[in-house]
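Each step along the sequence shown adds one to the number in the working numbering, with nothing skipped, and position 115 is 191. Just so it is clear, CB atoms sit at the ideal spot from N, CA and C, and this is done for glycine as well. Below you'll find the structure, written out as structure tokens, and then a few comments.
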Amino acid sequence: MAGNKSLHAASKAKEDEFYTELSDIENELKHYKEHFRGKIILCNCDDPRVSNFFHYFSYNFEVLGLKKLITTCYKSQNRDLFSQNDSEKAIWLEYFGDRNGNRVPDPEEIGIHYLNGDGDFRSAECIELLKEADIVVTNPPFSLFREYVAQLIKYDKKFIILGNQNAITYKEIFAYIKTNQLWLGSTLSFAKFKVPDYYEARATRFWIDESGQKWRSMGNICWFTNLDIAKRHEEIILYKSYTSEEYPKYDNYNAININKVSEIPMDYYGVMGVPITFLDKYNPDQFEIVGDSRYHDGQSEADDINIIGGKLLYRRILIRRRQNPYGQSESQMSMAADKGVEI
Ligand SMILES: C[S@@+](CC[C@H](N)C(=O)[O-])C[C@H]1O[C@@H](n2cnc3c(N)ncnc32)[C@H](O)[C@@H]1O
77 MAGNKSLHAA
87 SKAKEDEFYT
97 ELSDIENELK
107 HYKEHFRGKI
117 ILCNCDDPRV
127 SNFFHYFSYN
137 FEVLGLKKLI
147 TTCYKSQNRD
157 LFSQNDSEKA
167 IWLEYFGDRN
177 GNRVPDPEEI
187 GIHYLNGDGD
197 FRSAECIELL
207 KEADIVVTNP
217 PFSLFREYVA
227 QLIKYDKKFI
237 ILGNQNAITY
247 KEIFAYIKTN
257 QLWLGSTLSF
267 AKFKVPDYYE
277 ARATRFWIDE
287 SGQKWRSMGN
297 ICWFTNLDIA
307 KRHEEIILYK
317 SYTSEEYPKY
327 DNYNAININK
337 VSEIPMDYYG
347 VMGVPITFLD
357 KYNPDQFEIV
367 GDSRYHDGQS
377 EADDINIIGG
387 KLLYRRILIR
397 RRQNPYGQSE
407 SQMSMAADKG
417 VEI
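Given below as structure tokens:
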């Protein structure tokens, strides 16, 4: 058990030790089975002793038809603080599947290699492993989420990663969403995570189970991916008709406000401000994302525009319909949209 001094230091350190439940992993990854066949999977923020990502891919290696599984384990510099990162050196593992026919990943079938550094996903040796991988799947450190995603995009990798739903509104992440470089996965949940024993008790979203295991919840979490999934091609069924009374415009921005995704009118082709939950239903063939209520053009921060009658509403995503069911030309559509006119 860590002493007072190190507990204090731990509370100040970044709290990144949240271990994903196997059921959350299974519920999401069942939607990607056709993507995994013949592929090299990398889990690069995963201590194999506690990571259910390692567990999922090693136990399902044959069923998924994988080519290879690589796992790197981060060893924190603050070794006295982190009970899980206590081996002498950081390691990486490679697994080529079952060799002895028992369908279980035995220790002698898993290649263990030592890293020179601490296993930081940004280190040169971890980047070499990243280059080798086809698909990266993990729950990365929340505190480094932006940097983590930027690296995946830079190396043009396919990925399925877990993150906090709030990350949607990070400027950098939203820009990838807007340009269809990244989208939400299949499941959204209010997930719970095991956390190390040294994590301090909190007033909310914290509990200890009967075995003494500490748990935390991060609020709503979601998966971020750039792999095509069936959900991305499902159309939102629209049934409401536009009226200016029901769908007022923002005080100083030419877009109508929508309070619920299911209430998007079927006959409006101008810009609409919709709740962030829209992204869970977003089909890029049906809608285009043009910005959000803070980054109107998707790039630069400006004054919030989600204001009606002087009252600031929840953050909104600005979208526009793509379809043109009435046969208008593109220029007619955009002229009408610029004026916020229904056509
Ligand atoms: C949110 S936890 C998730 C752990 C594991 N992937 C899982 O889902 O159970 C993030 C993990 O990233 C590790 N980590 C923190 N900083 C890291 C870094 N710079 N490079 C690689 N891993 C890091 C932490 O030690 C922690 O175990």
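One or two residues paired with residue i in a DSSP bridge
i: Ile117; result: Leu145, Ile211
i: His189; result: Trp168
i: Phe235; result: Val212
i: Met348; result: Ile332, Ile395
i: Pro272; result: In DSSP, Pro272 forms no bridge with anything.
i: Gly261; result: The partner list for Gly261 (beta bridge, DSSP) is empty, contrary to what the question assumes.
i: Lys325; result: Ile332
i: Thr301; result: Ile236, Trp259
i: Phe133; result: DSSP, once it has assigned bridges, lists no residue as partnering Phe133.
i: Tyr420; result: Lying before the first or after the last residue shown, residue 420 is absent from the chain, which here runs from 77 to 419.
i: Phe282; result: Arg292
i: Lys316; result: Pro341
Distance cut-off 8 Å: residue i Cβ against heavy atoms of ligand 1
i: Thr214; result: yes
i: Glu93; result: yes
i: Leu220; result: yes
i: Gly195; result: yes
i: Asp122; result: yes
i: Pro217; result: yes
i: Ser127; result: yes
i: Thr263; result: no
i: Arg198; result: yes
i: Cys298; result: no
i: Leu238; result: yes
i: Tyr231; result: no
i: Tyr150; result: yes
i: Thr245; result: no
i: Phe269; result: yes
i: Thr301; result: no
i: Thr255; result: no
Classification of residue i by the beta-carbon crowding that lies within 10 angstroms, buried from 16 upward
i: Ala277; result: exposed
i: Trp259; result: buried
i: Arg392; result: buried
i: Val139; result: exposed
i: Ser159; result: Confidence at Ser159 is low in this model, with a pLDDT of 43, below 50, so the placement of that residue should be treated as unreliable; the coordinate-derived value is given next. Exposed, since its Cβ has fewer than 16 Cβ neighbours within 10 Å.
i: Val180; result: exposed
i: His372; result: buried
i: Gly349; result: buried
i: Leu142; result: buried
i: Ala306; result: exposed
i: Asn333; result: buried
CB contact below 9 Å: residue i versus chain C
i: Val180; result: Of the protein chains in the structure, only one exists, and it is not chain C.
Ligand 3 heavy atom lying under 8 Å from the CB of residue i
i: Ser293; result: Ligand 3 is not among the ligands present in this structure, which contains only ligand 1.
Under 8 Å: do the segment 207 to 223 and the segment 112 to 130 share three or more Cβ pairs, one atom per stretch? Short answer: they touch.
Sequence ranges, beta strand (DSSP E) only - wholly within the segment 359 to 388, length at least 3: Every unbroken stretch of the beta strand (DSSP E) spanning 3 or more residues and falling wholly within the segment 359 to 388 is given here in chain order: 363 to 368.
Is the segment 255 to 275 touching the segment 325 to 342, taking contact as three or more C-beta pairs under 8 Å? Fewer than three beta-carbon pairs drawn from the segment 255 to 275 and the segment 325 to 342 are found closer than 8 Å, and the two stretches are therefore not classed as touching.
Is it the case that the segment 195 to 215 contacts the segment 101 to 120, given that we only count it when at least three CB pairs across the two stretches are under 8 Å? The segment 101 to 120 vs the segment 195 to 215: in contact.
Check whether the segment 286 to 297 and the segment 306 to 322 touch, using three or more Cβ-Cβ pairs below 8 Å as the test. The segment 286 to 297 vs the segment 306 to 322: no contact.
Is the segment 89 to 102 close to the segment 124 to 131, with three or more CB pairs under 8 Å? Short answer: they touch.
Below 8 Å, how does it come out for the segment 232 to 245 and the segment 331 to 351: are there three or more Cβ pairs, yes or no? Touching, no.
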